[in-house]
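Heads up: the structure comes next, in structure tokens.
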Amino acid sequence: MKRTPVLPSLLLRSLLPADAYECVAGDLEEAWHNGSLSRAGFWRLAMASIVECRRPRLQRTHVDRDSDRKRGDSLMRTILQDFSYGARLMRRNPGFTAAAVATLALGIGANTALFSILNVLTLKPLAYREPDHVVFVREWSHRTQTAGFSLSVLDFIEVSRRSTTFEYVTTYSYWSANLTGGSTPERAQAYRVTADTFDMLGVPAALGRGFLPEEGVPGGRRVVVLSHGLWQRRFGSDRSVIGRDITLDGHPHTIVGVMPASFEFPVFNFKGELWVPWQLDMQAILADRGSASSSVVVARIRPNVTMSAAQAEIDTIMQRLETEHPDTNAGRGARLTEMGRLDDESAGPGILIVAATAALVLLLACANVANLLLARGVSRQRELAVRAALGAGRVRLVTQLMSEGVLLAVAGGVAGLFVAYLALNALRASLPEMVVTTQPNIDTLGIDPMTLAYAAGISLLTSIIFGVIPAVRAASPMLQEGLKEGASSGGGRGTRRLRAALVIAEVSLSTIMLVSAGLLVRSYQRQQHVNPGFDPDNVLTMMIALPDYRYSAPEARTQFFQESVGRISSLAGVEAAAFVNVLPFSTYNRGGVFSVEGRTDVERGQEPSADIRVISDRYFDTMRIPLRAGRTFDTRDAAAGARVAIVNEALVRRHFKDQDPLGQRLKLGRIGGPGAVVTIIGVSGSVHHNQLSEQPTPEIYFPLAQSPPPMMMLAARTSTDPETYTDAIRAEILAVDPAQPVYHVKPMSRLVGDSLAAPSFSASLMGLFSGIALMLAAIGIYGVVSYAVNQQRREFGVRLALGARPRDLLTLVLRRGLLLVATGITIGMLCAFGVGRALANILYGVGPADPVTFVSVTVTLATVGLAACCIPALRASRTEPVTALRE
Amino acid sequence: MRTYLGEFEQLLLLALVHLSDDEAYGTRIRSEIEARTGRTVSPGAIYTALDRLEQRGLVASRLGDPTPSRGGKRKRHYRLEPAGVQLLQRTQEVLARMSQGVPLARLLRAPRDSGAL
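Chains as they are written, first to last, in the working numbering: chain A, 1 to 887; chain B, 1001 to 1117.
As structure tokens, then:
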């Protein structure tokens, strides 16, 4: 039997008298079950029934009412009456209603959209079993007091063997696999994970199974688990893929499972499309401690163990390792970070500032609606006074006015949800790719039950904020005055002062917001004009990862890259092309430590670090990075030639302050380690790598032939729109190796642009919000001044009759309005200084008390304020004395 | 006390005439009206109107047994009282008298000149 719709049934039960409920609900359920009623029909008839049974009847007598009250539903009836009265009022004043609802919709919409974003970014738990028990184990340096992201594989093995507080300790490593077979070769985002990883996360496969323990040891079977996305895209959601073989980097792997669609692992890194068991040879790693690499370690704390207990145990283990293996572990600890909380450290204050701004917008909206209600409250004073005189209690009047407020808020909330829906749709379409591929839960961005609840919550809250003051005021005991006075007066001194205070508050809030927005926009503009150190225009970039099984020999890799770059450079329209292991703004990076030969001031373990770049010959040409001294790489720097390097100015400034760097020799890696020694043959200009707002870091460039990496990025400078060259370049690569995919094809300018996504996002949101704030403040000023003018028409008439010139009235009104504005601006400016200081660490190239911003905000607000006062002031000066007096 | 019947009240009373005593409860009344007039009415409207008719002594009602298809709720069965039949008859007569000699079909074909009034 179909389940009856729950919500309408509940409404029926709570809103109808028991006997009517039994009949009506029974009828509806019967019709529902015999199939003659759709869900929508059920809703419609249930609602119609409620209205019908609740509608007050003309022929009902007082006796009926009394009997109703005895049944105990008089409160419900009262509230319903209030609501229907409020709804009629709303319909009768469409202008007022539209203004109030639109104002609220902007405020509630902005807040709801932001809540949805914040929810995805920070609040929503990861889709694992008990996600708060899943932690990263990150290397901690006692010297710099900072945590890395990964852990030495040695430490991983020790921790997993010694710890008792963890249920599982797992690790993974990044693998960019070439997926061949089928139509085109494809590069898939793969991860090697220890076999118990899916058990650790507590997520079973949707199809097939995860890994067996025996598949995670050296020599185990080659198996693979697919992501839902890859399964859909590459295998057309074919359920019979289990047991089939696919080829990854030349090796057949048997598909044993497909994960559910909601499964995302790892997070805060490129989300995996397939996973294979990492067959770590622990004995070999422990035997050769010197060459162990690092990998990301994820562990699950046992159910009844606290985070601090687990951290304490890790500390003990790491301390013991320091004494047992001082050569590898000196100065090294480990920190636990809850997986879902990793982002909290890096999430800039940007989003919080935006959230605070949205809250301010909502407050402003409330102030405006309160103002509107106050103004209307004045004109309704007579109506309320009559009701009070006829015996309506004060509580009764307040509930009536409050329910009108609630109606407005509900309408505003519904419209606000729509605003939020549109905003989120627009946002989802414009998310930077980096966010889509790495941010957990990003697919769920939108209006979900949590967001709905939030929107409902703030709508109610706002109705209280903007509804209470006018309601209490309007229903105050002075009501009787309303009966005595003439209709045109009213709005006592108190109300007028309250409205003036609201306007001052609005102006100062908008001042704060405009200043913050101005600072962020100027900071963003400054960043846009930073020279990145190279010319990003008309450069196409793409990535190539050579699989190990065909390119294990360094010569083969050098050969591939040199042949490809040669073919691409000779394409018509390609001015220059080069390979580099890590392009600026590619969001990847590679670094290492080094020491300057002959210097003794640096101890082992304290070596400085630099970013490491491996480039093909014409890289500096292609990117237009200037060469400051020496020479670039050429044919002399072949595999067999002397080991050479080029360093950038940032490195020279730090390490060769008053020395000629040319000819100096650098020892790579730890002092006393196996790293090579290279001679500096050139100095290049510095390049921004991650953010334009950050200082360039030291870089060391190596020639391709002397250390060819398996993964390289291509930069090709073209004479016209770079994206039109994609196919031609891809064809040249396939001509060199038909099984070699290219991926992440993007113009360089977009990489740079994406790095500005965060500041541009906060600047434009703030700009939008403060624009709304300015508009709201203008409406507020206009409302108050023009209302005051209307109230004083008679006074103005008298003044004119007694010889005042129209100009005097104009200045009188303007002065009064501008006084409000000036007070608001002054208070706002004082607060804005504080806010500016809070913003200081996300500002670039702009001081928190930037005079340009402050002056232009003052001018803007003063102008808008003046304009808002002008219309009512002009109206005052044109008062006809006779008509005004006659009224 | 009113001495006439509204249009909806007439529909309800006539529906009771068409239905046997056992069938004359909410859902069936509703579908009877819907089938004959094409009008969808809410159960709430039916019960409020029947309630008023009952207060005027025109119909009587009794509660039936709980029914599983109604979620265990009881049906309320209605039947016409003699007073109801009389009032229905009188209302129909009044209507018939008023419509006597009214050439509706012809009026429809040749609308009266509105300016003449």
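For every residue, glycine included, the Cβ atom is placed at its ideal position computed from N, Cα and C.
If we define contact as Cβ-Cβ less than 7 Å, is residue i a contact residue for chain A?
i               : result
Y1078 (chain B) : no
S1069 (chain B) : yes
G1026 (chain B) : yes
Does the beta carbon of residue i sit closer than 7 Å to a beta carbon anywhere in chain B?
i              : result
S49 (chain A)  : yes
A31 (chain A)  : yes
L45 (chain A)  : yes
C53 (chain A)  : yes
T61 (chain A)  : Confidence at T61 (chain A) is low in this model, with a pLDDT of 37, below 50, so the placement of that residue should be treated as unreliable; the coordinate-derived value is given next. For T61 (chain A), the answer is no, since every Cβ of chain B falls outside 7 Å of its Cβ.
R65 (chain A)  : Any answer about R65 (chain A) is weak, because its pLDDT of 41 lies below 50 and its placement is not dependable; what the coordinates show is given next. Output row for R65 (chain A): interface = no.
A453 (chain A) : no
In the DSSP output, what is residue i paired with across the bridge?
i               : result
Q189 (chain A)  : A:S176
P252 (chain A)  : A:T247
A1061 (chain B) : Checking the sequence shown, residue 1061 (chain B) turns out to be Ser, not Ala. Note: S1061 (chain B) sits in a beta bridge opposite B:Y1078.
E699 (chain A)  : A:D611
P1066 (chain B) : B:R1074
Y1025 (chain B) : B:H1077
G257 (chain A)  : A:G208, A:V225
S295 (chain A)  : A:L151
E139 (chain A)  : A:A334
P747 (chain A)  : A:L540
F579 (chain A)  : A:L714
Y168 (chain A)  : A:R300
T146 (chain A)  : A:S141
N648 (chain A)  : A:S684
P277 (chain A)  : A:V193
R665 (chain A)  : A:T679
A629 (chain A)  : A:V683
A545 (chain A)  : A:M711
Output, in sequence order along the chain, the residues in the region 3-27 of chain A whose CB is closer than 7 Å to any CB in chain E.
In the structure shown, chain E cannot be found, because the protein chains are A and B.
Taking a Cβ distance cut-off of 8 Å, strictly less, list which residues of the region 1003-1016 of chain B are near chain A, in chain order.
Look at the region 1003-1016 of chain B: it has no residue with a C-beta under 8 Å from a C-beta of chain A.
Taking beta-carbon pairs under 7 Å, can you tell me which members of the region 1043-1062 of chain B lie near chain A?
Listed in sequence order: P1043, G1044, A1045, Y1047, T1048.
Within the region 430-478 of chain A, ranges of the alpha helix (DSSP H) (whole runs, at least 4 residues):
Qualifying alpha helix (DSSP H) stretches, in chain order: 433-438, 449-474.
Quick check on the DSSP output: what are the complete beta strand (DSSP E) runs of length 3 or more inside the region 309-385 of chain A, in order along the chain?
Counting whole runs of 3 or more residues, the region 309-385 of chain A contains the beta strand (DSSP E) stretches 332-338.
For the region 677-732 of chain A, which segments carrying the beta strand (DSSP E) assignment without a break, of at least 3 residues, lie completely within its bounds, in sequence order?
The region 677-732 of chain A contains these whole beta strand (DSSP E) runs: 677-684, 699-703, 711-718.
Stretch-stretch touch, CB-based, cutoff 8 Å, three pairs: the region 235-243 of chain A with the region 157-177 of chain A
Touching, no, given that fewer than three Cβ pairs across the two stretches are closer than 8 Å.
Is the region 113-125 of chain A touching the region 254-269 of chain A in the sense that three or more CB pairs, one from each, lie closer than 8 Å?
No contact exists between the region 254-269 of chain A and the region 113-125 of chain A.
Would you say the region 435-448 of chain A touches the region 95-105 of chain A, given that touching needs at least three Cβ pairs under 8 Å?
The region 435-448 of chain A makes no contact with the region 95-105 of chain A; the number of CB pairs closer than 8 Å stays below 3.
Evaluate the contact criterion for the region 156-164 of chain A versus the region 704-719 of chain A: three or more CB pairs, one atom per stretch, below 8 Å.
Touching, no, given that fewer than three Cβ pairs across the two stretches are closer than 8 Å.
Should the region 167-174 of chain A be regarded as contacting the region 535-543 of chain A, the criterion being three or more beta carbon pairs within less than 8 Å?
Contact between the region 167-174 of chain A and the region 535-543 of chain A is absent: fewer than three C-beta pairs spanning the two stretches fall below 8 Å.
Are the region 745-755 of chain A and the region 494-507 of chain A in contact at 8 Å, needing three or more beta carbon pairs?
With the cut-off at 8 Å, the region 745-755 of chain A and the region 494-507 of chain A do not touch.
Touching or not, the region 769-789 of chain A and the region 512-520 of chain A, by the rule of three or more beta carbon pairs under 8 Å?
In this structure the region 769-789 of chain A touches the region 512-520 of chain A; the number of beta carbon pairs closer than 8 Å is three or more.
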